[in-house]
Amino acid sequence: MENDEDERRSRKKDMLKMYYGVNGADSNTAVGNDPLDIDSPHFHAENYLRKIKQEKSLAELMDAENDMAKQIRTLDSEMQTLVYENYNKFISATDTIRNMKRDFRQMENEMEKLTTNMSSITELNSEINETLKENRQKISKLSGVHSLLKKLQFLFELPAKLQKCLETGAFSTAVSYYMKTKSVLQHYQHMESFSGIERDCQAIINEIVAKLKQTFHDKHSSAQQLAECVGLLLRLGEPPGLLCDEYLQHSRHKLDEDLQELESYLVEEGVAIKSENSNSSHHLLIDVLEFIDRGSNGFLSNLSLTIAAYENLFIKQTEITSMTAALDGTYSPMM
Numbered sequence: 009m010e011n012d013e014d015e016r017r018s019r020k021k022d023m024l025k026m027y028y029g030v031n032g033a034d035s036n037t038a039v040g041n042d043p044l045d046i047d048s049p050h051f052h053a054e055n056y057l058r059k060i061k062q063e064k065s066l067a068e069l070m071d072a073e074n075d076m077a078k079q080i081r082t083l084d085s086e087m088q089t090l091v092y093e094n095y096n097k098f099i100s101a102t103d104t105i106r107n108m109k110r111d112f113r114q115m116e117n118e119m120e121k122l123t124t125n126m127s128s129i130t131e132l133n134s135e136i137n138e139t140l141k142e143n144r145q146k147i148s149k150l151s152g153v154h155s156l157l158k159k160l161q162f163l164f165e166l167p168a169k170l171q172k173c174l175e176t177g178a179f180s181t182a183v184s185y186y187m188k189t190k191s192v193l194q195h196y197q198h199m200e201s202f203s204g205i206e207r208d209c210q211a212i213i214n215e216i217v218a219k220l221k222q223t224f225h226d227k228h229s230s231a232q233q234l235a236e237c238v239g240l241l242l243r244l245g246e247p248p249g250l251l252c253d254e255y256l257q258h259s260r261h262k263l264d265e266d267l268q269e270l271e272s273y274l275v276e277e278g279v280a281i282k283s284e285n286s287n288s289s290h291h292l293l294i295d296v297l298e299f300i301d302r303g304s305n306g307f308l309s310n311l312s313l314t315i316a317a318y319e320n321l322f323i324k325q326t327e328i329t330s331m332t333a334a335l336d337g338t339y340s341p342m343m
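Position one of the sequence shown corresponds to residue 9 (my numbering), numbered consecutively onward.
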């Protein structure tokens with residue numbers, strides 16, 4: 009079947025070439041040079057007629073004529089059919105090419121418009137640059153002056169901001185404000201306006217330090233409050249060695265209190281168990297779970313917080329300080 013289909017396609021192709029007068033030398037079908045082969049380009053009609061007259065009778069010649077006439081009509085019909093079948097394809101291809109030309113023409117027009125617009129934008133940009141060239145330095149200076157005025161306004165409002173933080177207990181915010189401006193105030197403290205701001209700020213910071221130390225030495229302060237106080241005091245330049253000793257002493261006192269509470273609970277529950285005569289095993293299980301819960305939420309929780317705070321506030325801070333001070337050779341051990 010595949011061979012018949014290939015032969016049929018090859019035959020149609022040859023017929024199309026023959027119909028349009030295309031040279032058959034480029035055909036893929038192998039064609040011989042036999043002058044007696046009717047399909048050969050070297051076919052010799054007189055020799056072919058002489059040969060068949062000699063080899064065939066009159067009846068056979070008439071049959072051959074009829075067969076050849078039928079083949080001619082069949083081939084002519086097939087060639088016309090092929091032309092008609094491909095005619096629509098040719099028309100469609102022509103329309104497609106025409107549409108492509110029209111689309112490309114529109115695209116070229118759009119590209120020309122785009123090029124014109126880009127040129128206009130470039131010219132406008134150049135004009136703007138030329139117009140602003142003289143004022144650009146002035147604008148830059150004004151921007152710098154505006155930024156400086158905002159910083160000065162912040163400095164002049166700093167004492168009021170610190171006072172408000174002191175009154176509301178926002179010590180962390182106050183320390184952040186002060187640390188951002190401390191170097192500037194100290195640098196310009198020889199100027200009267202800045203020296204007044206620096207004195208007011210230092211007085212408020214001293215009050216904040218006093219309140220932080222009061223909270224730090226309060227035995228009722230939690231482990232989290234202690235860690236926050238120590239962090240702020242370290243940022244304000246308090247001696248880390250002294251703070252470290254006091255922090256460990258205070259934390260040890262708090263942990264001892266947690267242990268005493270657990271011991272008291274064990275003593276109280278032991279007395280209660282002895283006073284009861286029934287269902288003591290079930291009550292004992294409940295007491296053990298309660299004891300574990302108290303220990304986890306109290307002693308163990310505060311111990312973990314104390315260890316983490318000590319590492320962050322003193323060990324890691326000391327490492328950072330040593331690395332920073334090693335660049336200028338000003339580092340000295342904390343303890």
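No residue lacks a Cβ here, since even glycine has one placed at the ideal position from N, Cα and C.
Margin query: Can you list, in chain order, the residues of its chain with a C-beta nearer than 6 Å to that of residue 252? Leave out the 5 residues immediately preceding and following it.
Written below: Answer for residue 252: 322, listed in chain order.
Item checked: residue 197 - containing alpha helix (DSSP H), residue span -> No alpha helix (DSSP H) contains residue 197, which DSSP labels as neither H nor E.
Check: What do you get for residue 185, buried or exposed, if any count of 16 or more other CB atoms within 10 angstroms of its CB means buried?
Finding: By the 16-neighbour rule on beta-carbons within 10 angstroms, residue 185 is buried.
Check: By Cβ distance, which residues of its chain are closer than 6 Å to residue 231, with the 5 residues on each side in sequence left out?
Finding: Excluding its 5 nearest sequence neighbours in each direction, residue 231 has C-beta neighbours in its own chain below 6 Å: 310, 313, 314, listed in chain order.
Item checked: Rounded straight-line distance, which links the Cα of residue 46 to that of residue 64 -> Between residue 64 and residue 46, the C-alpha separation is close to 17 Å.
Checklist line | Cβ-based neighbour list, residue 43, same chain, cut-off 7 Å, excluding 5 preceding and 5 following | finding: Cβ within range, chain order: 50, 51, 52, 55.
Margin query: Quick check on residue 323: does DSSP put it in helix, strand or coil?
Written below: Helix at residue 323.
Next item on the list: Determine the burial state of residue 224: buried for a count of at least 16 other Cβ atoms within 10 Å of its Cβ, exposed for fewer.
Entry: Residue 224 comes out buried.
Item checked: C-alpha gap between residue 236 and residue 148, whole angstroms -> Whole-angstrom Cα-Cα distance: 43 Å.
Notebook entry, point to check: Secondary structure at residue 71, three-state DSSP: helix, strand or coil?
Noted result: Correct three-state label for residue 71: helix.
Check: For residue 234, which option in 258, 91, 245, 212 has the closest C-alpha, if you only look at C-alpha atoms?
Finding: Ranked by Cα distance from residue 234, the options 258, 91, 245, 212 are led by 258.
Item checked: Extent of the continuous alpha helix (DSSP H) run through residue 60 -> It spans 53–63 - the alpha helix (DSSP H) in which residue 60 sits, taken as one unbroken run.
Margin query: What would DSSP say about residue 118, mapped onto helix, strand or coil?
Written below: When secondary structure is reduced to three states using DSSP, residue 118 falls in the helix class.
Item checked: Residue burial classification, residue 206 (beta-carbon count within 10 angstroms, cutoff 16) -> Buried, because 16 or more other Cβ atoms sit within 10 Å of the Cβ of residue 206.
Next item on the list: Output the distance between the C-alpha atoms of residue 36 and residue 92, rounded to the nearest integer angstrom.
Entry: Bear in mind that a pLDDT of 44 at residue 36, under 50, signals an unreliable position, so the number given afterwards is only what the model happens to contain. Residue 36 and residue 92 have their C-alpha atoms roughly 24 Å apart.
Check: Who are the near neighbours of residue 151 in its chain, counting only those whose CB is closer than 7 Å to its CB and skipping five residues on each side?
Finding: Taking residue 151 as the centre and dropping the five residues before and after it, the same chain places no C-beta closer than 7 Å to its C-beta.
Checklist line | Cβ-Cβ distance between residue 69 and residue 60 below 8 Å | finding: Contact flag set, yes.
Next item on the list: At 4 residues or longer, and completely inside the segment 175–260: list those alpha helix (DSSP H) runs for me, N to C.
Entry: Fully enclosed alpha helix (DSSP H) runs of 4 or longer: 179–195, 200–225, 231–243.
Item checked: Reduced DSSP category for residue 47 - H, G, I as helix; E, B as strand; rest coil -> Residue 47: coil per DSSP, three-state reduction.
Notebook entry, point to check: Of all the options 182, 191, 78, which has the alpha carbon lying nearest to the alpha carbon of residue 240?
Noted result: Considering only 182, 191, 78, the residue with the shortest C-alpha distance to residue 240 is 182.
Note to self: So, under 8 Å CB-CB, residue 303 and residue 263 are touching, yes? Tell me the CB distance rounded to an integer number of Å.
What the structure shows: Rounded to whole angstroms, the Cβ separation of residue 303 and residue 263 is 12 Å, and the two are not in contact under 8 Å.
Checklist line | Close beta carbons around residue 196, own chain, < 7 Å, minus the five adjacent residues each side | finding: Cβ within range, chain order: 202.
Next item on the list: Determine the DSSP secondary structure at residue 41, reduced to helix, strand or coil.
Entry: If DSSP states are grouped into helix, strand and coil, residue 41 belongs with coil.
Checklist line | Through-space distance from residue 112 to residue 128, alpha-carbon basis | finding: Distance from the CA atom of residue 128 to the CA atom of residue 112, rounded to whole angstroms, is 24 Å.
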